[in-house]
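Trainee:
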Amino acid sequence: MFVALYLRFFGSGSAGGIIATRLSEDPVKVLLLEAGGSYLENEYTRIPLPWKRALKSKVNWGFYTVPQKYSCFASKNKKAKATRGKVLGGTGSMNGMNYVRGSRHDFDQWRNEGCVGWGYDDVLPYFKMSEDIQIPELMNSSFHGKGGPLVITEAHTSPIEFLHRSAAIEKGLPVVDCNGYNQIGYCPLQANIKDGERCTSASCFLRPVMSRSNLQVVTNSHVARVIIRNGTARGVTVMRNGRTTRVYAKEEVILSAGVFGSPQILLLSGIGPKAHLQKVGVPLKADIPVGEGMQDHMQYYFQYSTNTSLNMNQEKALDQREIMEYVFYKKGVQTRPGNDGTIFAHLPDNENDHSYPDLQLSFKAFANEKDPIKCAVDRMNKRGEFAEQNRTASIGFAVLICKLHHKSRGTLRLKSKNPLAPPRIDPNYLSHQDDVDSYMKILRFVQHLSNNTAWKSIGTTFVRQEECTSHCKKLTFDTDDYWRCMVRHYAVESNHQVSTCRMGADNNTTAVVDPYLRVKGIKRLRVADSSVMRNIPSANTNAATMMIGEKAADMIKMSRRLKYNSKYGKSLGL
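When we follow this note's numbering, the leftmost residue of the sequence shown carries the number 16, and every step to the right adds one.
1. Taking DSSP as the reference, what is the three-state secondary structure of Tyr201?
2. Only counting runs of 3 or more residues, tell me where the beta strand (DSSP E) segments fall wholly within the stretch 23-78, in order along the chain.
3. Taking Pro174 as the reference, give the member of Glu152, Gly356, Ile199, Asp449 with the closest Cα.
4. Indicate whether Met395 and Gly353 have their beta-carbon atoms separated by less than 8 Å.
5. What does DSSP give as the partner residue(s) for Lys209 in the beta ladder?
6. What does DSSP give as the partner residues of Gly111 in its beta bridges?
7. Please report how far the alpha carbon of Asn155 lies from the alpha carbon of Gln124, in whole angstroms.
8. Would you tell me roughly how many angstroms separate the C-alpha atoms of Asn322 and Leu178, rounded to the nearest one?
9. Less than 8 Å between the CB atoms is what I'm expecting for Leu415 and Lys389, so what's the real figure, rounded?
10. Considering Cα atoms alone, identify which of Ala506, His237, His159, Ser218 is closest to Lys143.
11. Can you grab the Cα-Cα spacing for the pair Cys65 / Ala526, in whole Å?
12. Using only the alpha-carbon positions, how far apart do Arg443 and Tyr85 sit?
13. Between Pro434 and His237, is the Cβ-Cβ spacing less than 8 Å?
14. For Ser586, count neighbouring Cβ atoms within 10 angstroms of its own Cβ and tell me buried if that reaches 16, exposed if not.
15. Using the C-alpha atoms, what's the distance from Met570 back to Leu577?
16. Where DSSP assigns a beta bridge to Ile440, which residues make up the other side?
17. Around the C-beta of Tyr315, are 16 or more other C-beta atoms found within 10 angstroms, so that it is buried, or is it exposed?
18. Assign Met109 to buried or exposed, taking buried as 16 or more other Cβ atoms, counted over all protein chains shown, within 10 Å of its Cβ.
19. Could you tell me how far apart the beta carbons of Ala217 and Leu103 are, in whole angstroms, since I believe they sit closer than 8 Å?
20. Tell me which residues share the same chain as Lys93 and place their Cβ nearer than 7 Å to its Cβ, disregarding the 5 neighbours each side in the sequence.
21. Could you check if Arg258 is buried or exposed, using at least 16 other CB atoms within 10 Å of its CB as the buried criterion?
22. Does the distance from the C-beta atom of Leu281 to that of Gly273 stay below 8 Å?
23. Assuming Cys623 is part of the beta strand (DSSP E), what are its boundary residues?
24. Along the alpha helix (DSSP H) that carries Leu270, what are the first and last residues, could you check?
25. Provide the residue(s) that pair with Val253 in DSSP beta bridges, ordered along the chain.
26. So what's Asn326 in DSSP terms, helix, strand or just coil?
27. Give the range of the beta strand (DSSP E) segment to which Thr168 is assigned.
28. Whole angstroms is fine: what's the gap from Arg61's alpha carbon to Leu139's?
Right under this line is the structure:
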């Protein structure tokens, strides 16, 4: 079957859903193809609190990395999870809803490295375009937008948030808007939640405009490769319901299949490193560095036990009164994402600009009730390490410790020419020694932070997660060698992977797309998602991915208007 349409988008993730929504505002036909199904088929893509359950469902591609050489030693087969959404809304339909854009320095660095038009002053209007800020203190901020589809609310989960805020202030960190001018300080949680439900590119952008006659959204459609003739993208090959279909576009083909999907489709289409494509037997169309330079954040967590049950735990999350309050009124703790605020900080001895953060701390409202933490708390009880008797793992909180600027780089490759085979993902975590050494400084920072009056008031006590395992037991606790061992064993992925189709100047040999997101060497083909980020932002990546969708749509609209005006002018002899 052959279908000819004007503009074609593949992938309805955080960027793709926005692009399709914005472009269909104009009188142009738009077809969006999504490999997964509707987010409406899975309640855990909508209810904020139990969002992690979506990760264990069919809306997750369920990828894993190759065994890691330098990290993940405590994980099964030394593999890390590579979570990505297979659903309308993409990974934005199953992430933690923490809305953080990144530092202004991140985007200025993109611009300075050749991504003209992507500096902070350039991208801020696109962040604001999406946004409908609903936080009273920020309603009049020049850094936030009003009236956009994306509702942003303050969404801490437990009363302990006040103690984290107090601890930060005690240590000299101000309370800030981390989506404002300066990230450094304690940031109350900003989350994309509307009327008690997750607000995504699917639910808040696409769904309200699905009745447009020029917009067609087709789910359960797996794009296998781009059809390229004479160096020009003409359409795609799609696999749906056991059939393979060719779909053609009269204008452009735009890939928004995500940090793993977009490079995989390009490689299957013959666009990528020549040596790799020859190895897997894919005919070469363009020799460019697709799949090179993957970046991600890693996170390590400190678990703490307390003497108060102010935190969230499984018993509270399953409380029938809370569930009924949500079912009938869309209120209560189920409308919260499980976090309690964030700290962005700069290490004192780092020579970089002190307004540029080195680390991100996320305070998790949930206690960790699984082994080995449960076992460790039991042993600490037996040794009398708590002031109170019989503490349980259900009372406490965790701090996710994220190093923001890693020097390690990974790759994405094809395992075979089969488009249904998962890609070969190798993030190469902690391959650069500086990533491990700088983690030591970050962990010491957290230890310094933990010595505060607010936490002491609830008997906060550190829990050693290796207590009931054999890992790192031979090393003296709290030495640098001990922490290096622990980080290599227990630090895990943040699933903030970016840069597999990296943006850059025309003469930049590391770039796959130019600043207009056009694939080098191929006409009428663009990529617009997290894969094009020049470098990873100092934050969770969903907000920046949505901004890319807004800016990409604006650039495409402008390109079409210039093209039309040029043709129209010539026809009139102008």
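Idealized CB from N, CA, C, for every residue including glycine.
Mentor: Put simply:
1. Tyr201 falls in the strand class under three-state DSSP.
2. Within the stretch 23-78, the complete beta strand (DSSP E) segments of 3 residues or longer fall at 45-48, listed in chain order.
3. The candidate whose alpha carbon is nearest that of Pro174 is Gly356.
4. Met395 is not a Cβ neighbour of Gly353, given a cutoff of 8 Å.
5. Beta-bridge partners of Lys209 (DSSP): Glu212.
6. Residue pairing by DSSP places Gly111 opposite no residue, since no beta bridge is assigned to it.
7. Whole-angstrom Cα-Cα distance: 28 Å.
8. Looking at the backbone, the Cα of Asn322 and that of Leu178 are separated by about 14 Å.
9. Beta-carbon to beta-carbon, Leu415 and Lys389 are separated by about 19 Å, too far to satisfy the 8 Å threshold.
10. Nearest of Ala506, His237, His159, Ser218 to Lys143, Cα basis: His159.
11. According to the sequence provided, residue 65 is Pro. The question's Cys does not apply to it. Approximately 38 Å between the Cα atoms of the pair.
12. Note that residue 443 corresponds to Asn in the displayed sequence, not to Arg. It is roughly 7 Å from the alpha-carbon of Asn443 to the alpha-carbon of Tyr85.
13. At the C-beta level, Pro434 and His237 come within 8 Å of one another.
14. Low per-residue confidence applies at Ser586: pLDDT is 46, beneath 50, and the placement is therefore not dependable enough to give any value.
15. In a straight line, the C-alpha of Leu577 is about 11 Å away from that of Met570.
16. Its beta-bridge partners are Leu427.
17. Result: buried.
18. So Met109 counts as buried.
19. At roughly 4 Å, the Cβ-Cβ gap stays under 8 Å, so Ala217 and Leu103 are in contact.
20. Cβ neighbours of Lys93 beyond the five flanking positions: Pro82, Gln83, Cys87.
21. Arg258 should be labelled exposed.
22. No, these two residues do not count as a Cβ contact at 8 Å.
23. Since the first residue shown for the chain is 16 and the last is 589, residue 623 is missing from the structure and cannot be characterised.
24. Per DSSP, Leu270 belongs to no alpha helix (DSSP H); it is in the beta strand (DSSP E), 268-270.
25. Residue pairing from DSSP places Val253 in a beta bridge opposite Val238, Thr260.
26. In the structure shown, Asn326 sits in coil (DSSP, three-state: anything other than H, G, I, E or B).
27. Where Thr168 is concerned, the enclosing beta strand (DSSP E) stretches over 165-169.
28. Spanning the two alpha carbons is a distance of roughly 28 Å.
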